[in-house]
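Some notes on the structure that comes next.
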Amino acid sequence: MNSPVDILCIGSVLWDIIGRTPAHMEAGADVPGRIARLPGGVAMNLAMTFARFGLRPALLTAIGRDAEGEELTRAAARLGLVTDHAYRSDDLPTDRYMAIEGGNGLIAAIADAHSLEGAGDKILRPLADGRLGTAEAPWTGLIALDGNLTLALLSDIARSPLFAAADLRVAPASPGKAERLLPLLPLENATLYVNLEEAGLLCQRRFAGAPEAARALLDRGARRVLVTNGGEATADGAGADVIAAAPPPVLVTRITGAGDTFMAAHIVAERRGEDRPTALQSALRAAAQYVSGDIGT
1 MNSPVDILCI GSVLWDIIGR TPAHMEAGAD VPGRIARLPG GVAMNLAMTF
51 ARFGLRPALL TAIGRDAEGE ELTRAAARLG LVTDHAYRSD DLPTDRYMAI
101 EGGNGLIAAI ADAHSLEGAG DKILRPLADG RLGTAEAPWT GLIALDGNLT
151 LALLSDIARS PLFAAADLRV APASPGKAER LLPLLPLENA TLYVNLEEAG
201 LLCQRRFAGA PEAARALLDR GARRVLVTNG GEATADGAGA DVIAAAPPPV
251 LVTRITGAGD TFMAAHIVAE RRGEDRPTAL QSALRAAAQY VSGDIGT
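Following full-length UniProt numbering, the numbering of the sequence shown begins with 1 at its first residue and continues without gaps.
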(Lines of atoms letter the chains of each structure in order from A and count residues from 1; the text may use other names and numbers.)
(Lines give C-alpha, C1' and ligand atoms only; values in the text may rest on other atoms or scores of the structure.)
Protein backbone atom coordinates (compact mmCIF):
# COMPACT_ATOMS: atom_id res chain seq x y z
CA MET A 1 0.00 0.00 0.00
CA ASN A 2 1.41 3.35 -1.01
CA SER A 3 1.72 5.85 1.81
CA PRO A 4 3.80 8.97 2.44
CA VAL A 5 4.21 7.87 6.06
CA ASP A 6 7.50 6.23 7.11
CA ILE A 7 6.47 4.84 10.50
CA LEU A 8 3.36 4.60 12.68
CA CYS A 9 3.55 5.66 16.33
CA ILE A 10 0.70 4.16 18.36
CA GLY A 11 0.01 5.22 21.94
CA SER A 12 0.05 8.28 24.14
CA VAL A 13 0.18 11.83 22.79
CA LEU A 14 -0.33 14.42 25.48
CA TRP A 15 1.06 17.45 27.27
CA ASP A 16 4.08 16.90 29.50
CA ILE A 17 4.23 19.21 32.51
CA ILE A 18 7.76 18.82 33.88
CA GLY A 19 9.27 20.50 36.91
CA ARG A 20 13.08 20.38 37.03
CA THR A 21 15.57 21.51 39.66
CA PRO A 22 19.30 20.83 40.11
CA ALA A 23 18.68 20.36 43.84
CA HIS A 24 18.50 16.90 45.38
CA MET A 25 14.95 16.29 46.55
CA GLU A 26 13.18 14.08 49.05
CA ALA A 27 9.48 13.65 49.75
CA GLY A 28 7.94 16.97 50.81
CA ALA A 29 10.76 19.11 49.38
CA ASP A 30 9.92 22.64 48.22
CA VAL A 31 12.70 24.06 46.04
CA PRO A 32 13.13 26.58 43.20
CA GLY A 33 13.31 25.30 39.65
CA ARG A 34 11.79 25.51 36.20
CA ILE A 35 8.39 24.24 35.03
CA ALA A 36 7.78 23.57 31.35
CA ARG A 37 4.83 22.31 29.31
CA LEU A 38 5.89 20.34 26.23
CA PRO A 39 4.34 17.91 23.76
CA GLY A 40 4.91 14.46 25.23
CA GLY A 41 3.74 10.91 25.72
CA VAL A 42 5.68 7.86 24.57
CA ALA A 43 4.27 7.82 21.02
CA MET A 44 4.80 11.57 20.71
CA ASN A 45 8.37 11.43 22.03
CA LEU A 46 9.18 8.66 19.57
CA ALA A 47 7.59 10.55 16.68
CA MET A 48 9.48 13.76 17.50
CA THR A 49 12.77 11.86 17.46
CA PHE A 50 11.90 10.17 14.17
CA ALA A 51 11.13 13.59 12.68
CA ARG A 52 14.49 14.93 13.86
CA PHE A 53 16.11 12.11 11.88
CA GLY A 54 14.18 13.06 8.75
CA LEU A 55 11.34 10.52 8.87
CA ARG A 56 7.64 11.27 8.50
CA PRO A 57 5.79 9.60 11.40
CA ALA A 58 2.02 9.31 11.77
CA LEU A 59 0.33 9.26 15.18
CA LEU A 60 -2.43 6.78 16.00
CA THR A 61 -3.76 8.05 19.29
CA ALA A 62 -6.63 9.87 20.98
CA ILE A 63 -6.59 13.67 21.14
CA GLY A 64 -9.46 15.71 22.51
CA ARG A 65 -11.17 18.48 20.58
CA ASP A 66 -10.62 20.80 23.54
CA ALA A 67 -8.30 23.80 23.43
CA GLU A 68 -5.35 21.74 24.66
CA GLY A 69 -5.95 19.18 21.92
CA GLU A 70 -6.11 21.81 19.19
CA GLU A 71 -2.88 23.35 20.46
CA LEU A 72 -1.24 19.92 20.59
CA THR A 73 -2.16 19.04 17.00
CA ARG A 74 -0.80 22.40 15.80
CA ALA A 75 2.44 21.74 17.68
CA ALA A 76 2.67 18.28 16.11
CA ALA A 77 2.18 19.71 12.62
CA ARG A 78 4.98 22.24 13.19
CA LEU A 79 7.24 19.33 14.15
CA GLY A 80 6.44 17.46 10.94
CA LEU A 81 4.19 14.82 12.51
CA VAL A 82 1.06 13.49 10.80
CA THR A 83 -2.07 13.67 12.98
CA ASP A 84 -4.60 13.05 10.18
CA HIS A 85 -5.26 9.53 11.47
CA ALA A 86 -5.61 10.38 15.17
CA TYR A 87 -8.95 9.71 16.84
CA ARG A 88 -10.42 13.08 17.82
CA SER A 89 -13.02 12.95 20.56
CA ASP A 90 -15.61 15.56 21.54
CA ASP A 91 -16.12 13.88 24.91
CA LEU A 92 -12.62 12.85 26.01
CA PRO A 93 -10.17 15.55 27.18
CA THR A 94 -6.58 15.66 25.98
CA ASP A 95 -4.35 13.56 28.23
CA ARG A 96 -1.58 14.95 30.44
CA TYR A 97 1.57 13.80 32.25
CA MET A 98 3.22 15.50 35.21
CA ALA A 99 6.71 14.81 36.58
CA ILE A 100 9.17 16.25 39.09
CA GLU A 101 12.88 15.78 38.35
CA GLY A 102 15.64 16.66 40.81
CA GLY A 103 19.40 16.47 40.75
CA ASN A 104 19.01 12.93 42.12
CA GLY A 105 16.72 11.74 39.32
CA LEU A 106 13.00 11.35 38.80
CA ILE A 107 11.22 12.11 42.07
CA ALA A 108 7.62 11.37 41.08
CA ALA A 109 5.35 11.26 38.06
CA ILE A 110 1.66 10.87 37.30
CA ALA A 111 0.37 9.86 33.86
CA ASP A 112 -3.24 10.72 33.05
CA ALA A 113 -3.84 8.65 29.90
CA HIS A 114 -7.49 7.92 30.64
CA SER A 115 -8.71 9.30 27.32
CA LEU A 116 -6.36 7.05 25.35
CA GLU A 117 -7.57 4.07 27.37
CA GLY A 118 -11.18 5.18 26.95
CA ALA A 119 -10.85 5.45 23.17
CA GLY A 120 -9.78 1.81 22.97
CA ASP A 121 -9.60 0.26 19.53
CA LYS A 122 -11.00 3.38 17.86
CA ILE A 123 -7.43 4.60 17.51
CA LEU A 124 -6.66 1.57 15.29
CA ARG A 125 -9.41 2.16 12.71
CA PRO A 126 -7.02 3.56 10.04
CA LEU A 127 -5.21 0.20 10.02
CA ALA A 128 -8.43 -1.60 9.10
CA ASP A 129 -10.48 0.78 6.94
CA GLY A 130 -8.04 1.14 4.05
CA ARG A 131 -6.37 4.40 5.02
CA LEU A 132 -3.25 2.61 6.27
CA GLY A 133 -4.16 -1.02 5.70
CA THR A 134 -6.80 -3.74 5.94
CA ALA A 135 -6.98 -7.20 7.43
CA GLU A 136 -6.31 -8.64 3.96
CA ALA A 137 -3.51 -6.17 3.14
CA PRO A 138 -2.05 -5.09 6.49
CA TRP A 139 0.56 -2.42 7.11
CA THR A 140 3.98 -3.88 6.28
CA GLY A 141 6.25 -1.14 7.62
CA LEU A 142 7.53 -0.07 11.00
CA ILE A 143 5.18 0.40 13.95
CA ALA A 144 6.29 1.85 17.29
CA LEU A 145 3.78 0.80 19.95
CA ASP A 146 3.67 1.94 23.57
CA GLY A 147 2.21 0.28 26.65
CA ASN A 148 -0.19 3.06 27.57
CA LEU A 149 -2.88 1.01 25.83
CA THR A 150 -5.01 -1.28 27.97
CA LEU A 151 -4.06 -4.90 28.53
CA ALA A 152 -7.21 -5.96 26.66
CA LEU A 153 -6.28 -3.89 23.61
CA LEU A 154 -2.65 -5.05 23.64
CA SER A 155 -3.90 -8.65 23.84
CA ASP A 156 -6.12 -8.00 20.81
CA ILE A 157 -3.17 -6.48 18.94
CA ALA A 158 -1.09 -9.60 19.63
CA ARG A 159 -3.73 -11.70 17.81
CA SER A 160 -4.74 -9.18 15.15
CA PRO A 161 -4.00 -9.71 11.45
CA LEU A 162 -3.65 -5.91 11.19
CA PHE A 163 -0.21 -6.18 12.86
CA ALA A 164 0.95 -9.53 11.51
CA ALA A 165 3.11 -8.14 8.67
CA ALA A 166 4.60 -5.15 10.50
CA ASP A 167 8.05 -4.63 11.98
CA LEU A 168 6.65 -4.08 15.48
CA ARG A 169 8.77 -2.18 18.02
CA VAL A 170 7.27 -2.12 21.52
CA ALA A 171 7.98 -0.24 24.74
CA PRO A 172 6.19 -0.06 28.09
CA ALA A 173 5.03 3.39 29.11
CA SER A 174 6.44 2.92 32.61
CA PRO A 175 7.43 0.11 35.00
CA GLY A 176 3.88 0.18 36.37
CA LYS A 177 2.56 -0.83 32.93
CA ALA A 178 5.34 -3.23 31.91
CA GLU A 179 3.35 -6.40 32.51
CA ARG A 180 0.78 -5.25 29.94
CA LEU A 181 3.33 -6.25 27.30
CA LEU A 182 3.27 -9.97 28.16
CA PRO A 183 0.87 -10.87 25.31
CA LEU A 184 3.29 -9.30 22.82
CA LEU A 185 6.42 -10.99 24.20
CA PRO A 186 6.36 -14.12 22.00
CA LEU A 187 5.47 -12.42 18.69
CA GLU A 188 7.92 -13.27 15.91
CA ASN A 189 7.75 -9.75 14.48
CA ALA A 190 8.12 -7.87 17.80
CA THR A 191 11.17 -6.18 19.32
CA LEU A 192 10.78 -5.05 22.93
CA TYR A 193 12.57 -2.04 24.45
CA VAL A 194 12.57 -2.12 28.27
CA ASN A 195 14.68 -0.89 31.17
CA LEU A 196 16.12 -3.17 33.84
CA GLU A 197 13.20 -2.69 36.23
CA GLU A 198 10.66 -3.41 33.50
CA ALA A 199 12.56 -6.53 32.46
CA GLY A 200 12.42 -7.71 36.06
CA LEU A 201 8.67 -7.20 36.20
CA LEU A 202 8.16 -9.14 32.97
CA CYS A 203 10.28 -12.01 34.29
CA GLN A 204 9.16 -11.67 37.95
CA ARG A 205 12.75 -11.59 39.24
CA ARG A 206 15.62 -9.16 39.83
CA PHE A 207 18.63 -8.83 37.57
CA ALA A 208 22.17 -7.63 38.22
CA GLY A 209 22.48 -6.06 34.80
CA ALA A 210 21.01 -5.67 31.34
CA PRO A 211 22.76 -8.67 29.66
CA GLU A 212 21.34 -11.04 32.28
CA ALA A 213 17.89 -9.51 31.85
CA ALA A 214 18.05 -9.79 28.05
CA ARG A 215 18.93 -13.49 28.26
CA ALA A 216 16.05 -14.13 30.65
CA LEU A 217 13.56 -12.41 28.34
CA LEU A 218 14.81 -14.46 25.40
CA ASP A 219 14.39 -17.59 27.51
CA ARG A 220 10.79 -16.51 28.14
CA GLY A 221 10.13 -16.56 24.41
CA ALA A 222 10.97 -13.05 23.22
CA ARG A 223 12.36 -12.89 19.68
CA ARG A 224 14.39 -9.77 20.34
CA VAL A 225 14.83 -7.38 23.28
CA LEU A 226 16.84 -4.30 24.16
CA VAL A 227 17.37 -3.63 27.86
CA THR A 228 18.69 -0.31 29.17
CA ASN A 229 20.07 0.35 32.64
CA GLY A 230 20.67 4.07 33.08
CA GLY A 231 24.38 4.82 32.91
CA GLU A 232 25.31 1.12 32.97
CA ALA A 233 25.63 -1.27 30.01
CA THR A 234 22.69 -1.68 27.62
CA ALA A 235 22.03 -5.10 26.09
CA ASP A 236 20.61 -6.21 22.73
CA GLY A 237 19.41 -9.82 22.72
CA ALA A 238 18.34 -11.71 19.60
CA GLY A 239 17.99 -15.46 19.35
CA ALA A 240 20.74 -16.88 21.54
CA ASP A 241 23.04 -13.89 21.03
CA VAL A 242 23.35 -11.01 23.52
CA ILE A 243 25.61 -8.03 22.90
CA ALA A 244 26.17 -5.10 25.25
CA ALA A 245 27.63 -1.59 25.24
CA ALA A 246 27.98 1.18 27.80
CA PRO A 247 26.51 4.65 27.17
CA PRO A 248 28.86 7.64 26.97
CA PRO A 249 29.35 9.35 30.36
CA VAL A 250 27.51 12.68 30.42
CA LEU A 251 26.11 15.15 32.93
CA VAL A 252 22.40 14.31 33.18
CA THR A 253 20.16 17.40 33.04
CA ARG A 254 16.83 15.71 32.20
CA ILE A 255 15.30 12.25 32.33
CA THR A 256 11.77 12.23 30.93
CA GLY A 257 11.89 11.01 27.32
CA ALA A 258 15.38 9.47 27.45
CA GLY A 259 14.20 5.90 26.87
CA ASP A 260 11.96 7.01 24.02
CA THR A 261 14.89 8.81 22.40
CA PHE A 262 17.04 5.68 22.69
CA MET A 263 14.34 3.53 21.11
CA ALA A 264 13.65 5.91 18.24
CA ALA A 265 17.34 6.45 17.49
CA HIS A 266 17.91 2.69 17.46
CA ILE A 267 15.03 2.12 15.03
CA VAL A 268 16.37 4.85 12.74
CA ALA A 269 19.88 3.40 12.86
CA GLU A 270 18.66 -0.04 11.84
CA ARG A 271 16.42 1.45 9.15
CA ARG A 272 19.47 3.03 7.52
CA GLY A 273 21.22 -0.35 7.49
CA GLU A 274 23.50 -0.30 10.55
CA ASP A 275 24.38 -3.69 12.04
CA ARG A 276 23.44 -4.53 15.62
CA PRO A 277 26.61 -3.29 17.39
CA THR A 278 26.70 -0.05 15.38
CA ALA A 279 23.00 0.64 15.83
CA LEU A 280 23.32 0.10 19.58
CA GLN A 281 26.17 2.62 19.78
CA SER A 282 24.23 5.13 17.67
CA ALA A 283 21.22 4.89 19.95
CA LEU A 284 23.31 5.24 23.11
CA ARG A 285 24.98 8.38 21.73
CA ALA A 286 21.61 9.91 20.85
CA ALA A 287 20.20 9.18 24.31
CA ALA A 288 23.31 10.62 25.97
CA GLN A 289 23.01 13.81 23.94
CA TYR A 290 19.35 14.06 24.93
CA VAL A 291 19.81 13.63 28.70
CA SER A 292 22.74 16.07 28.66
CA GLY A 293 20.49 18.72 27.06
CA ASP A 294 22.42 18.82 23.77
CA ILE A 295 19.23 17.93 21.85
CA GLY A 296 16.32 20.32 22.26
CA THR A 297 12.72 19.28 22.76
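By construction, the Cβ of each residue, glycine as well, lies at the ideal position given by its N, Cα and C atoms.
- Separation of residue 145 and residue 166 (C-alpha to C-alpha, rounded to the nearest whole angstrom) is 11 Å.
- If the five residues before and after residue 131 are omitted, its C-beta is found closer than 7 Å to the C-beta atoms of 85, all from its own chain and listed in chain order.
- The distance from the Cβ of residue 191 to that of residue 159 is about 18 Å, inconsistent with a contact at the 8 Å cut-off.
- Residue 179 sits away from residue 210, with the two beta carbons spaced by 8 Å or more.
- Along the length of the segment 51-123, whole beta strand (DSSP E) runs at least 3 residues long occupy 57-60, 62-64, 87-89, 96-102, 105-112, reported in chain order.
- Counting C-beta atoms within 10 angstroms of its own C-beta, residue 35 has fewer than 16 neighbours from the protein chains shown and is therefore classed as exposed.
- For residue 34, the enclosing beta strand (DSSP E) covers residues 34-40.
- With fewer than 16 other Cβ atoms inside 10 Å of its own Cβ, residue 24 counts as exposed.
- For residue 136, the number of other beta carbons within 10 angstroms of its own is below 16, and it is reported as exposed.
- Excluding the 5 residues flanking it on each side, residue 58 has same chain C-beta neighbours closer than 6 Å at 5, 8, 82, 85, in chain order.
- Around the beta carbon of residue 113, a 10 Å sphere encloses 16 or more other beta carbons of the protein chains shown; the residue is thus reported as buried.
- Contact between the segment 233-241 and the segment 273-282 is present: three or more C-beta pairs spanning the two stretches fall below 8 Å.
- Residue 153 and residue 116 have their C-alpha atoms spaced approximately 11 Å apart.
- Counting along the chain, residue 260 sits inside the alpha helix (DSSP H) bounded by residues 258-271.
- If one requires a minimum length of 3 residues, the beta strand (DSSP E) runs lying completely within the segment 137-213 are 142-146, 167-171, 190-195, in chain order.
- When C-beta atoms of the segment 189-204 are compared with those of the segment 214-230, three or more pairs fall below 8 Å, so the two segments count as touching.
- With a cutoff of 8 Å on beta-carbon distance, residue 138 and residue 161 are scored as near each other.
- Closest in alpha carbon position to residue 43, among 119, 143, 120, is 143.
- Counting along the chain, residue 23 sits inside no beta strand (DSSP E), nor does DSSP assign it H or E at all.
- Residue 291 carries a helical assignment under DSSP once its states are collapsed to helix, strand and coil.
- DSSP lists 245 as the beta-bridge partner residues of residue 234.
- Counting C-beta atoms within 10 angstroms of its own C-beta, residue 247 has 16 or more neighbours from the protein chains shown and is therefore classed as buried.
- In this structure, 46 is the residue among 102, 215, 46 with its C-alpha nearest to the C-alpha of residue 61.
- Short of 8 Å from the beta carbon of residue 172, and not among the five residues preceding or following it, lie these beta carbons of its own chain, in chain order: 146, 147, 178, 180, 181, 194, 198.
- In the three-state reduction of the DSSP assignment, residue 134 falls in the coil class.
- The three-state reading of DSSP puts residue 228 in strand, counting E and B together.
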